[in-house]
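Chemist: Residue numbers for the first sequence follow the UniProt record's numbering, beginning at 1 and rising by one.
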Amino acid sequence: MALIRERLTHMLQRAVQDLLRDSGISNEQDLRVELEIPKISDHGDYATNAAMVLTKPLRRNPREIAQAIIDRMEGRHELLASVEIAGPGFINFFIRPEAWADVVRDIHAKADAYGLQDLGGGKRFQVEFVSANPTGPLHIGHGRGAAIGDVLANILRACGYQVDKEYYINDAGKQMQTLGRSLYLRYLEALGVPIDFPDDHYRGDYMKDLAREVVGQMGDRYKDTPEDEALPFFTKYAGDHILDGIRQDLEAFGVRHDVWFSEQSLHDAGEVQKTIEALEQAGYIYEEDGAKWFRSTAFGDEKDRVVVRANGLTTYFAADLAYHKNKFERDYDTVIDVWGADHHGYVARMSAGIQALGRKASDLRIILVQLVNLLRGGKPVAMSTRAGEFVTLREVVDEVGKDAARFIFLTRRSDSPLDFDLEVAKMQSNDNPVYYVQYAHARLCSVFQVAREKGVPCSWSVPPDLSPLTHPKELELMKLLGEYPQVVAASALQLEPHRIPYYLNELVSCFHSYYNQNRILGEEEATTQARLYLAAAVRTVIRNALGLLGVDAPEKM
RNA sequence: GCGCCCGUAGCUCAGCUGGAUAGAGCGUCGGACUUCGAAUCCGCAGGCCGCAGGUUCGAAUCCUGCCGGGCGUACCA
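#1: Can you find the residues in the same chain that come closer than 6 Å, C-beta to C-beta, to ALA81, ignoring five residues on each side of it along the sequence?
#2: Since LYS292 is in the beta strand (DSSP E), which residue starts that stretch and which ends it?
#3: Just to check, is the beta-carbon of LYS39 closer than 7 Å to a non-hydrogen atom of the ligand NAP?
#4: Report yes or no: do the segment 137-152 and the segment 493-501 share at least 3 C-beta pairs separated by less than 8 Å?
#5: Along the chain, which unbroken stretches of the alpha helix (DSSP H) at least 4 residues long are found entirely within the UniProt domain "DALR anticodon binding" (437-557)?
#6: Could you check if ALA310 is buried or exposed, using at least 16 other CB atoms within 10 Å of its CB as the buried criterion?
#7: Kindly list the residues whose CB is nearer than 6 Å to the CB of TYR167, restricted to its own chain and excluding five residues on each side of it in sequence; keep chain order.
#8: Could you check the C-alpha separation between ILE246 and TRP460 for me, to the nearest Å?
#9: Let me confirm a value: GLN281 is counted as buried when at least 16 other C-beta atoms fall within 10 Å, else exposed. Which label applies?
#10: How many angstroms separate the CA atom of GLY378 from the CA atom of LEU250?
#11: Leaving out five residues before and five after ARG543 in sequence, what residues of the same chain have Cβ atoms less than 7 Å from its Cβ?
#12: Cβ of THR315 within 8 Å of Cβ of VAL306?
#13: Within 10 angstroms of the Cβ of LEU546, are there 16 or more other Cβ atoms? Answer buried if so, exposed if not.
#14: What residue range is occupied by the uninterrupted beta strand (DSSP E) comprising LYS165?
#15: For MET11 and ASN92, I'd like the C-alpha separation in whole angstroms.
#16: Do you know offhand how far MET207's Cα is from ARG186's?
#17: Using DSSP's beta-bridge definition, name the partner residues of ILE408.
#18: I'd like the list of long-range same chain contacts for LEU444, defined as Cβ closer than 7 Å, with 5 residues on each side in sequence excluded.
#19: Applying the criterion that 16 or more other CB atoms from any shown protein chain within 10 Å of the CB defines a buried residue, is ILE69 buried or exposed?
#20: Are three or more beta carbon pairs between the segment 51-58 and the segment 71-81 nearer than 8 Å?
#21: Compare the beta carbon distance of LEU393 and ILE140 with 8 Å and say whether it is the shorter of the two.
#22: Around the Cβ of SER351, are there at least 16 other Cβ atoms within 10 angstroms (buried) or fewer (exposed)?
#23: Tell me whether ASN61 is buried or exposed, calling it buried when 16 or more other Cβ atoms sit within 10 Å of its Cβ.
#24: How would you call ARG452, buried or exposed, if buried means at least 16 neighbouring beta carbons within 10 angstroms?
#25: Return the CA-CA distance between SER182 and ILE107, expressed in angstroms with no decimal places.
#26: Determine the burial state of LYS402: buried for a count of at least 16 other Cβ atoms within 10 Å of its Cβ, exposed for fewer.
#27: Are the Cβ atoms of LEU495 and ILE276 separated by less than 8 Å?
#28: Among the candidates LEU313, THR470, PRO457, LEU3, whose CA atom is the shortest distance from the CA of GLU525?
#29: Report yes or no: do the segment 361-375 and the segment 321-339 share at least 3 C-beta pairs separated by less than 8 Å?
#30: For ARG531, which residues from the same chain have a beta carbon less than 6 Å from its beta carbon, with the 5 sequence-adjacent residues on both sides left out?
#31: So if DSSP puts ILE367 in a beta bridge, which residue, or which two residues, is it bridged to?
#32: Could you work out which residue in LYS327, GLY340, ASN373 is closest to ARG124 when comparing CA atoms only?
#33: By DSSP, does residue 584 sit in helix, in strand, or in coil?
#34: For the beta strand (DSSP E) containing LEU374, list its first residue and its last residue.
#35: Work out the CA separation of GLY522 and THR470 for me, nearest whole Å.
#36: Can you tell me which of PHE234, VAL104, LEU374, ASP196 puts its alpha carbon nearest to the alpha carbon of VAL462?
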């Protein structure tokens, strides 16, 4: 049973195509025919700009065109109560009220699968996100990236893409040496050896904790070992344990990556060298001042970039090129990178890189996540990684909760900076948008609980008669429920997870309003049955949408 | 200097890749619980969509130039 929007879209498209063909016009590609829900209910349940868009190719008055389109919409009387031509040439469609019930039956039939669809055709996507250096705990900025990447992947999966979530571990290079040495020094310090701790080492308290841990396990075994011999142990220990902590923090935040990819493994397998050779063969490498340069300007970058320094060492960018080459060799159709916006300067060169390696620019999509300003009571909280003064993601999750933190991160466009005030997040807990949504779910569960206690039937093998659903709020609810798949699809195509929380808010707001005006239980039996059936559909959609967001849908709160 | 992002209600932000009279939450003020959960609902107030041009039937949305804020501009990782 096709949904309202689909049926209407289909009908409209056929009419437009017929009209174009009859006018002797070949298929126009870039016709922006849209079917939207007007802001004002007087403008119909749906409206289209089709006639206005056709003004140019047809060279006719939009209102005339509108009438021609309507005349060509076959079978419209089954679905439409009326059609109007309005304003500059909008066509406003008024759906027969009883048709909306199809949406509710459809939701019951699909249940958990309502909202799932096949846009991707099984195409393989990879979403790489967080990828924080394993040199310290995750902070709140990582949390935002984690929420966005995780949910984006969920949404894409819901749309029929085959998606892997990946974390790139920067476990190579000088920083790891520095990390190991930081731990080594803290270790000695914990054993009472006087040390001089350099400014450019990792100063955070977590290193002291880790050092105490080593002392607990190893005692003074490395106290008299020469630094050169001791360092490999400390480097590995620090890297492993910090990464482990990151994994646990992500877990507590509801994020689980499918693949943890080591940068070091690229070096070990010689892939960095191979990548440079591949670029050389493609003619994009030249030498200058003793270094090897990648000609990224050939693809619109501002300047060329060094891949091998004069001292013979490869740059981080070279490893990143190898990494992306590797991604595509793993047969991903599209690769999505979620980066902090402070890395935006790297977009052009990375795009150049994959193009030089033979991929289309559109095969790599980079989402820039703006920074998070952490506040406490309106005042900025100092965030310095070097000095070790920062609030970790874990602390935030412990303080405000996983659900609230995720929801706050997701209820903003990623390219908009975000103020995250801990005090406000806690103080507001009752007015927090996430509780607003969760409350609706709990409320619905409660209604069903009461219904069961009263012996009112509330599970159906056959849909009840839905004709009692005539209240304006009921029609509005059904209309909104019917839009859910469309919202998920748009969210996937635009890579914009924030649309889901906004939709949820709208749906839930409508439900709360409805609930306050009407009783579900205790009405005449047919009415109660129809309303319960609708309520169950609302609950399903809330639960499905929250599921995409990785936010719990509690039955009680 | 150059590049990217952002300027929408007092505050925080949406505005669906050009549509009709620009929305929501918070905050202010005033209302609604003997009845399914008041963590809710209803109402009032609040705007030259940063400024100025341009594109067209139509601009918060697209283009150009300014103003203001953030970030970035390594043979660092």
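From the three backbone atoms N, C-alpha and C, an ideal C-beta is built for every residue, glycine too.
Modeler: Walking through what the data contain:
#1: PHE94, ARG96
#2: 291-294
#3: Although the ligand NAP was asked about, the structure shown includes no ligands whatsoever.
#4: yes
#5: 472-493, 499-517, 525-549
#6: exposed
#7: VAL130, SER131, HIS257, TRP260
#8: 45 Å
#9: exposed
#10: 27 Å
#11: HIS441, ALA553
#12: yes
#13: buried
#14: 162-169
#15: 14 Å
#16: 7 Å
#17: Paired residues: none, contrary to the question.
#18: ALA535, VAL538, ARG539
#19: buried
#20: no
#21: yes
#22: buried
#23: exposed
#24: exposed
#25: 57 Å
#26: buried
#27: no
#28: PRO457
#29: yes
#30: ILE520
#31: VAL338
#32: LYS327
#33: Because the chain spans 1 through 557 in this model, residue 584 falls outside it and cannot be assessed.
#34: 372-376
#35: 17 Å
#36: VAL104
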